[in-house]
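Participant: Quick note, the sequences are listed as chains W and F, same order. Number 6 in the working numbering belongs to position 6 of the first sequence; there are no gaps in the numbering. One gets the working numbering by counting positions in the second sequence from 1 and adding 1000 to each.
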Amino acid sequence: MTSRIPGRALRGAVAAAATIALGAGLVGCGDNSGSSEDGGSQGKDTVTVAFRTPNWILPISAPGFTQGENAIFGQALYRSLYQYRLDGTAQYNIDPQRSMAEPPQVSNGGRTLTITLKDNSWSDGTPITTRDIQFWYDLVTANKDKWASYRAGGFPDNVEKWSIEDEKTFSITTTEVYNTAWFVDNQLNRITPLPQHVWDKDSATAEVSDLASSPEGAKKVFDFLTAAAKDPKTYDSNELWQVNSGAWKLEEYVPNGEVTLAAQPNYSGTDKPKLSKVVLRPFTSDDAEFNVLRAGDIDYGYVPAANMSQTSYLESKGYTVSPWYGWSITYLQLNYNNPKSGVLFKQPYLRQSLQMLIDQPTISKVIWSDTAAPTCGPVPAKPGTNTDAAGCAYSFDPAKSKELLESHGWKVTPDGQTTCQSPGTGPNQCGEGIAAGTPLEFTVTSQTGFAATTKMFAEIKSQMAKLGIQLTIKEVPDSVAVTPTCKPTEASCSWDMSFFGSQGSWYYPAFASGERLFATDAPVNLGSYSNPEADKLIEATQFAGDESALTAYNDFLARDLPVLWMPNPVYQVSAYRSGLQGVEPQDPMNLMYFQDWSWK
Amino acid sequence: MSTLSEAVGSVEPNDTPPRGLWRQGLTVFCENRLALVGLGLFVLLAGVCFLGPLVYQTDQVHTDLTAVYLAPGEQGHLLGTDGVGYDQLGRLMLGGQTSIIVGLAAGVLATIVGTLLGAIAGFFGGWVDAAVMRVVDAMMSIPSLFLFMLLAAIVTPSAPMLILIIGAFAWLGPARLVRGEALTLRSREYVQAMRGMGGTGGRAVRRHIIPNAIGTVIVNATFQVADAILYVAYLSFLGLGIPPPAANWGGMLSDGLADTYSGHWWLLYPPGIAIILIVLAFNFIGDGLRDAFEVRLRRR
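1. E1012 (chain F) by DSSP, collapsed to three states: which one?
2. What in chain F is Cβ-close to T445 (chain W), meaning under 8 Å?
3. Going by DSSP, name the residue or residues bridged to D1087 (chain F).
4. Does DSSP put T130 (chain W) in a helix, a strand or coil?
5. Check the Cβ of D1259 (chain F) against every Cβ in chain W and list those closer than 7 Å, keeping chain order.
6. I'd like to check one pair, L280 (chain W) with V573 (chain W): are the Cβ atoms closer than 7 Å?
7. Taking buried to mean at least 16 other C-beta atoms within 10 Å of its own C-beta, is S36 (chain W) buried or exposed?
8. Got a sec: is the Cβ-Cβ distance from D478 (chain W) to anything in chain F below 7 Å?
9. Under 7 Å, Cβ to Cβ, is there at least one residue of chain F near V366 (chain W)?
10. Is the segment 1211-1224 of chain F touching the segment 1170-1180 of chain F, taking contact as three or more C-beta pairs under 8 Å?
11. Is the segment 163-179 of chain W touching the segment 98-118 of chain W, taking contact as three or more C-beta pairs under 8 Å?
12. Just the C-alpha distance for G125 (chain W) and D200 (chain W), rounded to the nearest angstrom, thanks.
13. May I ask you to list the residues that DSSP assigns as paired with Y92 (chain W)?
14. For G1167 (chain F) and A1110 (chain F), what's the separation of their Cα atoms in angstroms?
15. Please identify, using Cβ separations under 9 Å, the residues of the segment 1064-1075 of chain F that lie next to chain W, in order along the chain.
16. Scan the segment 393-466 of chain W and note each continuous alpha helix (DSSP H) run of 4 residues or more that stays entirely inside, going in chain order.
17. Can you tell me where the beta strand (DSSP E) with E251 (chain W) in it begins and where it stops?
18. For a cutoff of 7 Å on Cβ pairs, would you count V1217 (chain F) as touching chain W?
19. Who are the neighbours of G1040 (chain F) on chain W, taking C-beta pairs under 8 Å?
20. Hey, how far is the Cα of L1041 (chain F) from the Cα of G1272 (chain F)?
21. What residue does the beta strand (DSSP E) around W324 (chain W) start on, and which one ends it?
22. Using beta-carbon positions only, say whether A452 (chain W) and A228 (chain W) come within less than 7 Å of one another.
23. Does the contact criterion of 3 or more C-beta pairs under 8 Å hold for the segment 1122-1139 of chain F versus the segment 1073-1092 of chain F?
24. Report yes if the CB atom of N238 (chain W) is closer than 7 Å to the CB atom of S123 (chain W), and no otherwise.
25. How many Å lie between W248 (chain W) and N189 (chain W) at the Cα?
26. How about H1062 (chain F): is its C-beta nearer than 7 Å to some C-beta of chain W?
27. With contact counted as at least three CB pairs below 8 Å, one residue from each stretch, are the segment 1176-1192 of chain F and the segment 1120-1130 of chain F in contact?
28. Looking only at its chain, what residues have a beta carbon closer than 7 Å to the beta carbon of Q352 (chain W), apart from the 5 residues adjacent to it on each side?
29. Can you tell me which of W:I191, W:E160, W:L194, W:G437 puts its alpha carbon nearest to the alpha carbon of Y178 (chain W)?
30. Would you say E289 (chain W) faces chain F, with C-beta separation under 7 Å as the test?
31. Under 7 Å, Cβ to Cβ, is there at least one residue of chain F near S316 (chain W)?
32. Please report the straight-line C-alpha distance between G391 (chain W) and R559 (chain W), rounded to a whole angstrom.
33. With 9 Å as the limit, tell me which residues of the segment 343-372 of chain W have their beta carbon closer than that to any beta carbon of chain F; keep them in chain order.
34. Taking the continuous beta strand (DSSP E) assigned at G301 (chain W), which residues delimit it?
35. Alpha carbon to alpha carbon, how far is G1196 (chain F) from V1178 (chain F)?
36. With a threshold of 16 other CB atoms inside 10 Å of the CB of I133 (chain W), please say whether the residue is buried or exposed.
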């Protein structure tokens, strides 16, 4: 009898050994793996960017397609009427250079805004006029239920009169006197001129007409355009998308793959592109992206939090590493409509107790490698500031958290299961709708693909377990998609908590009011939070003439905890070749202006 | 000729009783050094995973952000700590428990299901055989890892769920093997005699087909266990394993890769090596058992 290594053993061992060897190889690369500073650049007039594949091209946002990459892609092809910047130097935060119109003239006691367009043209040479603005208005007014930016009472419901003065001028009269800064920053930011002379039809073969002038016609046109936008494989061939107002045109589009933008030769804006091409390359995970970045095969990428220690290596290879701070907040969404956990979340003391178990400063420092900062309320801190939780209403305090639970009738069982011991609505009881024996156990629906997020929830789960609060972490690719706004009777309402903030949960427009997030029935109020006092304060921010209303709103929600505030990570830690100019400053509102980029 | 003479001359009356079949098998198994090494490895790994925590006690429930990425030996952590402060050696033991339990249970489940269905299909033949084997063929035509990933993405993974998922698809191999055995065994005289005396088909399967195919079944079971451990590792590596703070070696390997560039080698090598060793151990044991059963049959 002979001893031998069986074939199966070899196969199994080889599979595992290969994995180890791969890792060993990577480790072995250490600080001297080969990559050249110029390698990967496809020439000095092209730049390759790590970027998720956008999946929406129509510049009217649709529910489920509001991801950041779609906004950046959309702006490259179709400019919004106004562009904004947060450096505090411009009236209403309007970027005078990039915007397609002059700042609005306010009259009629603040109710009428008159807007004059600058001289611009479509890529086919047709001038951009108020007809193109009217076309956009007709489409969103007739189809507001299909528009992701719509909120009942908001634009265009708050427009009393919309009038076209001439080819260059139009005016908007509002139903009430709004805070002009709010209206300009958060309402007019949605206006995007659309090429009426190309799109105003209801089929590919129909002639362009004034179909959208009537609500019925506008519905048909909108359906036609939406259907075309839902067919990504035709993005680079459909004639609809060939006429643009942006600095770029779409040269090639591979669904779920690479996207190539080429400089628009007929671009009429003043910020002409300096590069001839931008290649947007998607990656399946942080690790995959970082491997390619480290190998020098992309010009612009990002450093995952787990690899922050590699910053100096990247810098030695000719990359500039720079955090991209966002005008954003990050939170853990609670589902108030969940038939089981909703009654628990409706108890303010319980939300406070849970919040006090989240050690934001330490998580930001250790797990996010100092690339995150605590979120204390709904109004973001100035990007890059507030690295501690000094201003937070409920800082990390497990002892106080425990005390709060016990004082409300909960039997706290450390590392066991905390349950309600004193049901009822009295001051020392669990609260309305909470039965005796109700356990504190929740499921968090989180995101896959972010190592720091996984570690963060391991830490939070651990802290909660110490007070007998059982947290189950379920990671899915798209946590927003599986945790929709819902009614208690719906099957989809079984989720407890949702996290989608690995790159920040919410990026504000220039005016950080919460009408889309925390107002009752707001479009992005996924957890159905509702508080009349909050509604009143949110509404006040739209009418107040100064910052006091915003402060009052922030202070109230910071304490009321509509969500659990979480460490707010930078959008990403960008790494770009040092020869690439114009990347900075990185827009806190999460847009990218490739036309500013150039090679030294 | 001399050889023949010596051989003939060596035949003498033997007063010692014949050794039992199991004992013969054990002897042959023990002659296979690699099989012994495999058995030793398994005992060692299982001992470390299940008894180790009694000696080397660590907190695998609570994170400790003040002690992340400690190198081996620092602050009493023999194998260092990971990105949330879990002791890596303790985690290796905890992860090993999951990997071994899920691997063994899934392997046993697949073997039981496969053996029963294979024996029934092979013995009864006809439409029963056709139906079972077409199901096997159909399921074998789809890569099993793909099916595991699909199911793991649909349901929330847990240890019992992983056992069911892997067991639900890993029975195909044993079913085919046992069916082949059953096709041969059903025409044997003792089976025919039993049937002639009024024995039922169920009794034939239970008392004759399965017992006589047991050698094949046991050998295959060891490979099933090894495969199941690897599948657990694959799924966890792809992010479809049991969520934290539960651990298994595949998930630890995956996490370790994310930290590779940071030089935290202790998060990568130990789980990887552990997977190699446990898979090798089961394959060596299976190889030894195959020899043992084959020899036993030959000597009988």
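Even glycine gets a Cβ: it sits at the ideal position worked out from N, Cα and C.
Facilitator: In short:
1. Translated into positions along the second sequence, residue 1012 (chain F) becomes position 12. Interpretation of E1012 (chain F) is limited by its pLDDT of 48, a score under 50 that renders its predicted location unreliable; the figure taken from the coordinates is listed afterwards. Three-state result, E1012 (chain F): coil.
2. The residue labelled residue 445 (chain W) in the question sits at position 445 within the first sequence. Ordered by position in chain F, no residue passes the 8 Å Cβ test against T445 (chain W), which lies about 11 Å from the chain.
3. Residue mapping note: residue 1087 (chain F) aligns to position 87 of the second sequence, counting from 1. Answer by DSSP bridge pairing, in chain order: F:T1081.
4. Counting from one through the first sequence, the residue named residue 130 (chain W) turns up at place 130. Reduced to three states, the DSSP call for T130 (chain W) is helix.
5. One-based indexing of the second sequence puts residue 1259 (chain F) at position 259. Residues of chain W whose Cβ lies closer than 7 Å to the Cβ of D1259 (chain F) are, in chain order, A306.
6. Counting from one through the first sequence, the residue named residue 573 (chain W) turns up at place 573. Counting from one through the first sequence, the residue named residue 280 (chain W) turns up at place 280. It is not a contact, given that the beta carbons lie outside the stated cut-off.
7. Against the first sequence, residue 36 (chain W) aligns to sequence position 36. Bear in mind that the predicted position of S36 (chain W) carries a pLDDT of just 41, short of 50, making it unreliable; the figure below should be weighed with that in mind. Flag for S36 (chain W) reads exposed.
8. To locate residue 478 (chain W), count along the first sequence from 1; it is residue 478. With its beta carbon at least 7 Å from every one in chain F, D478 (chain W) lies outside the interface.
9. Taking the first sequence and counting its residues from 1, one reaches residue 366 (chain W) at position 366. By the rule that beta-carbons nearer than 7 Å mark a contact, V366 (chain W) touches chain F.
10. Taking one beta carbon from each stretch, the segment 1211-1224 of chain F and the segment 1170-1180 of chain F have 3 or more pairs nearer than 8 Å; the two touch.
11. Counting C-beta pairs closer than 8 Å gives three or more between the segment 163-179 of chain W and the segment 98-118 of chain W, which meets the contact rule.
12. Within the first sequence, numbered from 1, the residue matching residue 125 (chain W) stands at position 125. Within the first sequence, numbered from 1, the residue matching residue 200 (chain W) stands at position 200. Going from the Cα of G125 (chain W) to the Cα of D200 (chain W) covers about 17 Å.
13. As a position in the first sequence, residue 92 (chain W) is number 92, starting the count at 1. Among the bridge pairs identified by DSSP, Y92 (chain W) is matched with none.
14. The sequence position of residue 1167 (chain F) within the second sequence is 167, counting from 1. The sequence position of residue 1110 (chain F) within the second sequence is 110, counting from 1. Roughly 5 Å separates the two Cα atoms.
15. Along the segment 1064-1075 of chain F, going in chain order, the ones with a CB nearer than 9 Å to a CB of chain W are D1064, L1065, T1066, V1068.
16. Correct list: 398-406, 451-465.
17. Counted from its first residue, the first sequence places residue 251 (chain W) at position 251. Where E251 (chain W) is concerned, the enclosing beta strand (DSSP E) stretches over 248-253.
18. Working through the second sequence from its first residue, we reach residue 1217 (chain F) at position 217. No, its Cβ sits nowhere closer than 7 Å to a Cβ of chain W.
19. Residue numbering aside, residue 1040 (chain F) sits at position 40 when the second sequence is read from its first letter. Close to G1040 (chain F), with beta-carbon spacing below 8 Å, lies no residue of chain W; the smallest spacing is near 14 Å.
20. As a first step, residue 1041 (chain F) must be located in the second sequence, where it is residue number 41. As a first step, residue 1272 (chain F) must be located in the second sequence, where it is residue number 272. C-alpha of L1041 (chain F) to C-alpha of G1272 (chain F): approximately 15 Å in a straight line.
21. The residue given as residue 324 (chain W) occupies position 324 in the first sequence. Start and end: 319-324.
22. Counting from one through the first sequence, the residue named residue 452 (chain W) turns up at place 452. Counting from one through the first sequence, the residue named residue 228 (chain W) turns up at place 228. No, the Cβ-Cβ distance between A452 (chain W) and A228 (chain W) is not below 7 Å.
23. Output reads no: the segment 1073-1092 of chain F does not touch the segment 1122-1139 of chain F.
24. Within the first sequence, numbered from 1, the residue matching residue 238 (chain W) stands at position 238. Within the first sequence, numbered from 1, the residue matching residue 123 (chain W) stands at position 123. Cβ distance not < 7 Å, so N238 (chain W) and S123 (chain W) don't count as in contact.
25. On the first sequence, position 248 is the one that residue 248 (chain W) refers to. On the first sequence, position 189 is the one that residue 189 (chain W) refers to. The straight-line gap from Cα to Cα measures roughly 20 Å.
26. Locating residue 1062 (chain F) in the second sequence gives position 62, counting from the first residue. Judged by the 7 Å Cβ criterion, H1062 (chain F) is in contact with chain W.
27. As far as the Cβ criterion goes, the segment 1176-1192 of chain F touches the segment 1120-1130 of chain F, which means the pair count is three or higher.
28. Here residue 352 (chain W) corresponds to residue number 352 of the first sequence, with the count starting at 1. Excluding residues within five positions, the ones whose Cβ falls inside 7 Å are Y394, L404, L561.
29. Residue mapping note: residue 178 (chain W) aligns to position 178 of the first sequence, counting from 1. The candidate whose alpha carbon is nearest that of Y178 (chain W) is W:E160.
30. One-based indexing of the first sequence puts residue 289 (chain W) at position 289. The C-beta of E289 (chain W) comes no closer than 7 Å to any C-beta of chain F.
31. By 1-based counting over the first sequence, the position of residue 316 (chain W) is 316. No, because no Cβ of chain F sits closer than 7 Å to the Cβ of S316 (chain W).
32. One-based indexing of the first sequence puts residue 391 (chain W) at position 391. One-based indexing of the first sequence puts residue 559 (chain W) at position 559. Straight-line Cα distance between these residues: approximately 11 Å.
33. Cβ proximity to chain F below 9 Å picks out D359, T362, I363, K365, V366, I367 from the segment 343-372 of chain W.
34. As a first step, residue 301 (chain W) is located in the first sequence; it is residue number 301 there, counting from the start. If you look at G301 (chain W), you'll find it in the beta strand (DSSP E) that goes 300-302.
35. The sequence position of residue 1196 (chain F) within the second sequence is 196, counting from 1. The sequence position of residue 1178 (chain F) within the second sequence is 178, counting from 1. G1196 (chain F) and V1178 (chain F): Cα-Cα distance of roughly 24 Å.
36. Here residue 133 (chain W) refers to the residue found at position 133 of the first sequence. It counts as buried.
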